[in-house]
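Protein chains in written order, with the numbering used here: chain D, 3 to 147; chain Z, 3 to 147. No residue lacks a Cβ here, since even glycine has one placed at the ideal position from N, Cα and C.
Number of protein chains: 2
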Amino acid sequence: MFSQTTEYALRAAVWLAESGAEPQTTSDIARATQVPAGYLSKVLQSLGRAGIVHGSRGKHGGFELAKPAGDLTILEIVNAVDPLQRIHTCPLNLEAHRGKLCPLHRKMDDALAAIERSFREVTLADLAGGEGGVRPLCEAACVRA
Amino acid sequence: MFSQTTEYALRAAVWLAESGAEPQTTSDIARATQVPAGYLSKVLQSLGRAGIVHGSRGKHGGFELAKPAGDLTILEIVNAVDPLQRIHTCPLNLEAHRGKLCPLHRKMDDALAAIERSFREVTLADLAGGEGGVRPLCEAACVRA
DNA sequence: TCAGTTCTGGACATCTTTGTCCAAATATCC
DNA sequence: GGATATTTGGACAAAGATGTCCAGAACTGA
């Protein structure tokens with residue numbers, strides 16, 4: 003349902019939100035989030051191009067969030083790597099009842115709209131807090147190795 | 003977000019719900035729903051194995067719903083071809099806080115739960131009615147060629 | 001300047017999804 | 001029984017998603 007890439011991007015973003023100002027190298031993040039390092043590199047590049055993270059090179063380089071965690075929503079992360087495609091017109095390419103969706107696609111788009119709404123309301127800061135007694139990602143991962 | 007296969011399966015199911023008792027051949031359905039016939043054949047086979055449709059061979063053969071349209075939910079169709087995977091445990095394979103999800107995956111699973119709930123409430127009969135002034139699939143497709 | 005570190009971007013490998021094609025099995029009609 | 005219509009299932013092809021690898025650019029510290 004959610005692509006692997008989306009999952010990876012979110013894990014990385016949450017990790018960065020937790021890491022505060024310290025730039026995290028690709029391999030740091032890979033270790034913590036259990037994402038294949040080579041692929042994570044690609045994902046971080048996407049997030050970079052989308053203006054969500056910022057990478058700096060050389061010693062003490064790495065990735066940081068490009069904005070405060072409270073200003074970055076889950077939706078932005080998702081849309082950066084694998085955009086949530088709303089259904090605007092019936093996929094059967096017909097001109098009839100322009101714009102208005104048939105009952106099936108109306109229902110499907112409603113579901114997408116609900117996800118969009120719910121993801122727009124949550125920022126990385128909300129997730130990084132560890133509210134509810136459970137730390138972000140998973141407890142053990144948060145024991146920063 | 004929803005796979006091509008899911009989309010195709012739903013279109014076919016809605017079409018069959020509209021068609022009542024008349025068995026529809028694969029190519030009938032393919033034409034009406036604009037799905038590649040060869041692939042649709044595979045999708046219908048999946049739906050058959052899941053007990054959602056029933057195919058009969060030979061002249062006057064084709065596919066029909068295996069149950070009344072009012073007894074088949076969207077969720078059943080979706081789960082037959084591309085099961086909605088809830089998130090039961092943190093994907094980071096850690097033993098910590100067994101069962102309890104971290105904030106990120108809690109949020110993601112909530113979204114999945116909402117879809118599941120909403121799809122469980124809608125039957126093919128609901129969609130086939132054409133309520134709201136818009137016929138199922140798309141108007142033009144319903145002009146049965 | 002030099003060595004070491006890290007991102008960047010491209011080429012490529014692998015796996016999954018989507019799509020095509022066809023022979024065989026089964027049903028109907030004459 | 002023979003001709004035709006249709007599903008069934010398998011093999012294969014094409015495209016996309018995921019994953020690997022490496023050469024080069026850019027930064028840091030000495």
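Item, Value
"Could you compute how far the alpha carbon of Thr8 (chain Z) sits from the alpha carbon of Gly22 (chain Z)?", "22 Å"
"Under a CB-based cut-off of 7 Å, is Tyr42 (chain Z) close to chain D?", "Correcting the residue identity first, residue 42 (chain Z) is Leu in this sequence and not Tyr. Output row for Leu42 (chain Z): interface = no."
"Within a Cβ cutoff of 6 Å, which residues of the same chain sit near Leu77 (chain D), ignoring the five residues on either side of it in sequence?", "Phe121 and Arg122"
"Taking 7 Å as the threshold (C-beta atoms), are Ala71 (chain Z) and Leu126 (chain Z) in contact?", "yes"
"Any beta-carbon of chain D closer than 7 Å to the one on Pro105 (chain Z)?", "yes"
"Residues in the same chain with beta-carbon distance under 7 Å from Met110 (chain D), minus the five sequence neighbours each way, listed in chain order, please.", "Ile89"
"Tell me which residues share the same chain as Val55 (chain D) and place their Cβ nearer than 7 Å to its Cβ, disregarding the 5 neighbours each side in the sequence.", "Leu18, Leu46, Leu49, Phe65, Glu66, Leu67 and Ala68"
"Going by DSSP, which residues form a beta bridge with Ser5 (chain D)?", "Paired residue(s): none; Ser5 (chain D) is not in a bridge."
"In angstroms with no decimal places, state the Cα-to-Cα distance between Gln36 (chain D) and Ser29 (chain Z).", "46 Å"
"Of the residues Z:Leu42, Z:Leu106 and Z:Lys44, which one's Cα is nearest the Cα of Asp128 (chain D)?", "Z:Leu106"
"Which value, in whole angstroms, describes the spacing of the CA atoms of Arg119 (chain D) and Lys61 (chain Z)?", "50 Å"
"I need the DSSP call for Thr35 (chain D), collapsed to helix, strand or coil.", "helix"
"In the DSSP assignment, what residue or residues form a beta bridge with Glu66 (chain D)?", "D:His56"
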